[in-house]
Structure formats: C-alpha cells, structure tokens
Ligand code: C2O
Ligand code: CU
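Numbering (our numbering), first residue to last: 167 to 641.
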C-alpha cells in the first residue's frame with residue numbers, strides 16, 4: 167500500500183503512473199488524484215463477526231480504515247481532490263503540517279464544508295519530516311468515529327533508515343477506538359451525548375491497529391524497527407507500552423527528540439510518537455504493543471511474531487532523527503502573552519459562558535449542547551482568542567481548571583512545551599497537541615510565523631464539539 171499510494175499523491179504529472187486507474191472526474195479535469203470519502207465496510211473484528219459499516223477514504227476502489235497512507239518527502243507537495251460521497255458535508259485537515267492557511271481544512275474557519283456530491287482541491291507543501299495524519303474536520307466526533315482518518319508520513323530529506331544506529335525498517339501503526347454494538351456496527355445516534363462529552367468523551371469498546379483488532383506483525387530476530395504510532399481515537403488517551411522491545415522515543419508529533427528510553431508512552435488524542443524498538447536476539451515470550459485502558463491492566467492490542475532469519479543487531483545507541491532545521495526558535499524576551507483557561511465539564515461545571523455572542527447560564531448552555539468553555543467563551547468562532555503579528559513569539563499559558571485532562575491542539579504551528587509539573591510533558595518537547603492534566607498549567611511558546619486564522623481546540627472531539635474550541639490569528 168505504501169509505495170503504490172505514494173506516487174499518486176505527488177504533484178508532478180510524471181509521477182501519475184496510475185492515471186488510468188483514476189476515477190472518471192479526475193480524468194475529465196485532469197486534476198489532482200482523488201481522495202474519496204464515502205460509506206464503506208471494514209472487517210474490524212475477527213471474521214466470525216460481520217464487517218462494520220464505516221465511512222472511509224479511498225484513493226481508488228473501495229475505502230479502507232485507516233485511509234490510504236499518504237507518503238511524501240519533506241519539501242514535496244501533496245495534491246489531492248477531495249470528493250465527498252458522504253451523506254453529510256466534510257473537510258480534510260492535515261494534522262500537524264505547518265500548512266498554508268487556506269489548505270488547513272478547518273471548516274468552517276478556513277473553508278466552507280464541502281457538501282455531499284462536491285469536491286475540494288487541496289495542494290500544500292510539507293515543510294517538516296515526521297509522522298502526521300489526516301482526518302475529517304467537520305462533525306469530527308461522528309466523522310472520525312466512523313473511520314475518516316489516515317496516516318500522512320513525511321520522510322526525511324536525507325534518509326535516516328539504514329544509517330548506522332538507525333532502524334532498517336518502519337511500521338506505521340494508526341490506533342483507533344470504536345464504539346461497536348453486538349453486531350459489530352458502530353453505535354450511532356449518540357454522537358452528541360452530553361454525559362460522555364462532559365466527562366472523558368465518547369469512549370469506544372474496541373481498539374484497532376491499522377483497522378484490525380490485535381493484528382500481528384513480523385519481526386526478525388535482532389531487528390531494529392521504527393514504529394510510527396498515531397492516536398486517531400476521537401477521545402481516548404492511550405498509555406502504551408512495548409515490553410521486551412526496549413522502546414526509545416525519537417520523535418513527538420513529528421518533531422525529533424533526543425532518543426530516550428521510555429517505559430510507557432502516553433498518547434493523547436491526535437498525538438504521535440516515533441519509537442525505535444529492538445527485537446530480541448533469541449526467541450522469547452510473546453511480544454506485543456500494550457495499552458492500558460485506565461484500569462491499571464495492560465493488554466495487547468497488536469502482536470509481534472519473531473520470524474525469518476536473524477539480523478545482525480544494530481549497536482546500542484539509537485541514531486537521532488535529523489533536526490528539522492525549519493522551526494524558528496521562540497524569543498522569550500518580549501513575547502505576546504496569551505492565556506487559555508479551560509472550564510466546565512462534570513464535577514466542576516461552570517456558571518455560564520458566552521455562546522454565539524450571547525451570555526448564557528449553565529442550563530441554557532447545556533440545552534445548546536455546550537458544557538465547556540475557553541476563557542469564558544464556548545465554541546468561540548466570532549472573534550480570535552488572540553492576534554499575533556507575523557514573526558512574533560507567543561507565550562501561551564494553558565490552564566486547566568477542569569476535572570479532566572485535555573489535549574490542546576494548535577493549528578498551523580508547533581510549540582515548545584514548558585511544563586511546570588505533571589506527567590504529560592517534558593521541558594523542551596515540541597508538539598502540535600499538548601496534554602494538560604486536571605488542575606495543571608502548561609506554558610507553551612511558538613513563533614507565530616504562519617499567517618492566517620488558526621483553530622485552537624481540545625482534540626478530545628466530544629469536548630471540541632461541546633465548547634472547547636476557539637481560534638487565533640496571525641497577521
Ligand atoms: Cu486534528 Cu483541528 O484537528
Ligand atoms: Cu478536552
């Protein structure tokens with residue numbers, strides 16, 4: 167899948183080897199390759215159960231979950247025509263790419279949602295290597311909850327794979343959380359469940375890795391592999407572990423970190439981690455990627471099967487990923503200071519907030535599906551939370567006054583995290599989605615160098631939908 171998909175997304179016409187396979191509209195207008203969003207079916211659970219009706223992306227043929235992996239090299243362009251064959255409007259967001267504003271897919275802020283039967287052409291440069299993903303950005307809880315997400319991999323300009331101390335192979339693992347009924351159908355009709363929204367959000371009951379429950383991946387003895395882990399769940403925070411595989415973290419949200427050994431990897435919704443693992447040199451007990459659903463018990467969500475000829479193991483030290491070299495360093499001497507105060511939700515609540523320009527009490531807010539707010543404004547689309555001048559450093563204080571953690575995502579930028587405490591962040595991590603624990607304050611800083619209107623929201627999509635949403639402007 168990786169290589170056949172790859173070339174079809176490149177902008178250059180000569181790369182369109184598969185042109186004869188493109189659906190009719192593309193040929194008619196000789197435009198970008200198609201990314202079709204449409205209902206499909208997926209065998210998420212073992213085959214004694216029925217296939218699950220999903221919404222899925224396809225570049226050709228029927229849609230799959232996750233959507234086809236899009237793979238380019240840093241500096242290349244992705245060009246694709248979204249064709250909406252869903253029963254509702256949609257838009258595609260290219261999560262984590264420092265993208266031109268008009269291509270951000272953040273409906274309704276950067277584009278109007280694409281109606282059923284309509285198309286939208288996306289074309290953007292991918293400045294920074296790393297692990298990203300694309301997903302629907304309209305009715306996110308429902309559209310991502312039904313399957314509209316896929317990996318977007320931007321390779322290093324100079325290949326890291328195969329270098330001394332690097333991995334020899336990589337695996338993209340997109341993790342999703344589905345709420346299925348006894349017939350393996352997605353539980354619909356509860357997408358705006360306010361009880362779930364005012365707690366941790368819509369929790370599923372079935373975790374898939376690349377669209378399968380507990381798939382198995384081959385590993386050779388002694389092999390060093392780079393895992394690209396993507397949390398594509400609508401709401402679930404995923405504590406992950408790779409026992410027996412000596413995991414070393416090499417990137418967060420696409421941005422390199424100095425390799426560090428990790429016992430667990432905590433991925434909030436939308437976050438990514440690149441992790442290098444070493445397969446044992448001798449046959450060993452069962453190996454797996456494990457997830458702790460919050461009850462303290464770890465269970466395998468994907469297996470690794472030792473198979474094939476042993477490889478000569480790489481020397482101990484993991485080779486760091488090459489630095490981006492593209493991200494301006496924040497200058498904290500005179501930053502623009504801004505704050506995001508999170509309020510609301512179960513156990514704390516809020517007295518009121520303004521919604522659609524009107525001040526409302528708790529009950530009226532709830533009647534409008536709102537249980538959260540940023541800075542006293544719920545789902546604020548009327549005015550920006552702050553305005554920065556292009557090139558200005560923004561120091562943003564993220565204060566969580568609620569009982570739950572939140573995954574705060576900044577569009578169009580990556581920020582340097584300066585936590586004061588807490589389990590979720592280490593000083594200096596650079597991320598596009600920052601977990602902020604209950605009652606925690608996290609400072610982040612970034613250079614506002616990408617002009618436009620950028621969303622800032624909780625990536626627990628039930629929280630976003632019920633109020634945790636705003637935007638900022640870079641002029
Ligand atoms: Cu991953 Cu506003 O999105
Ligand atoms: Cu949240």
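Glycine residues also receive a C-beta, built at the ideal position from the N, C-alpha and C atoms.
Query, Result
"Looking at C-alpha atoms only, which residue of 332, 476, 435 is the closest neighbour of residue 425?", "332"
"Quick one: what does DSSP say residue 365 is sitting in, helix, strand or coil?", "coil"
"May I have the straight-line CA-CA distance separating residue 563 from residue 551, to the nearest angstrom?", "12 Å"
"Measuring CB to CB, does residue 607 end up less than 8 Å from residue 625?", "no"
"Which residues in the same chain have their Cβ closer than 6 Å to the Cβ of residue 286, if we skip the five residues on either side of it in sequence?", "248, 280"
"Are residue 262 and residue 420 touching if we call contact CB-CB under 8 Å?", "yes"
"Is the CB-CB distance between residue 338 and residue 235 below 8 Å?", "yes"
"Quick check: what's the CA-CA separation for residue 210 versus residue 613?", "41 Å"
"Return yes when at least one heavy atom of the ligand C2O lies under 7 Å from the C-beta of residue 272, else no.", "yes"
"Looking only at its own chain, which residues have a Cβ that is under 8 Å from the Cβ of residue 450, when we skip the five neighbours before and after it?", "410, 472"
"Can you tell me which of 250, 198, 264, 233 puts its alpha carbon nearest to the alpha carbon of residue 597?", "264"
"To the nearest angstrom, how far is it from the Cα of residue 161 to the Cα of residue 544?", "Past the edges of the chain, shown from 167 to 641, lies residue 161, and the structure says nothing about it."
"So does the segment 441-458 actually touch the segment 563-578, counting three or more Cβ pairs closer than 8 Å?", "no"
"Which residues have a Cβ closer than 6 Å to any heavy atom of the ligand C2O, listed in chain order?", "259, 261, 272, 301, 303, 436, 575, 577, 621, 623, 625"
"Taking a contact to mean a Cβ-Cβ separation below 8 Å, would you say residue 431 touches residue 441 in this structure?", "yes"
"Assuming residue 538 contacts residue 634 (C-beta within less than 8 Å), just tell me the rounded distance between them.", "4 Å"
"Could you name each continuous beta strand (DSSP E) segment of 3 residues or more that falls completely within the segment 422-481, going from the start of the chain to the end?", "431-433, 438-444, 453-457, 465-472"
"With 16 as the cutoff for other CB atoms within 10 Å, does residue 250 come out buried or exposed?", "buried"
"Give a yes or no on whether the C-beta atoms belonging to residue 435 and residue 468 are separated by under 8 Å.", "no"
"So for residue 629, helix, strand or coil by DSSP?", "helix"
"Kindly indicate which residue of 384, 346, 393 has the alpha-carbon position closest to the one of residue 373.", "346"
"Return the Cβ separation of residue 559 and residue 508 in integer angstroms, given the expectation that the two are a contact with Cβ distance under 8 Å.", "Between residue 508 and residue 559 the Cβ distance is about 23 Å, and since that is not below 8 Å, they are no contact."
"Determine, using beta-carbon pairs with one atom in the segment 300-314 and one in the segment 216-230, whether at least three such pairs fall under 8 Å.", "yes"
"Taking buried to mean at least 16 other C-beta atoms within 10 Å of its own C-beta, is residue 630 buried or exposed?", "buried"
"Please name the residue in 529, 433, 225, 214 whose C-alpha comes closest to that of residue 201.", "225"
"Which same chain residues, not among the five before or five after residue 288, have their C-beta less than 6 Å away from its C-beta?", "246, 269"
"Measuring only the C-alpha atoms, how far is residue 356 from residue 556?", "41 Å"
"When you compare only the Cα positions, how much space is there between residue 329 and residue 485?", "8 Å"
"Here's a check: name, in chain order, each residue in its chain whose Cβ is nearer than 8 Å to the Cβ of residue 497, leaving out the five neighbours to either side.", "559, 613"
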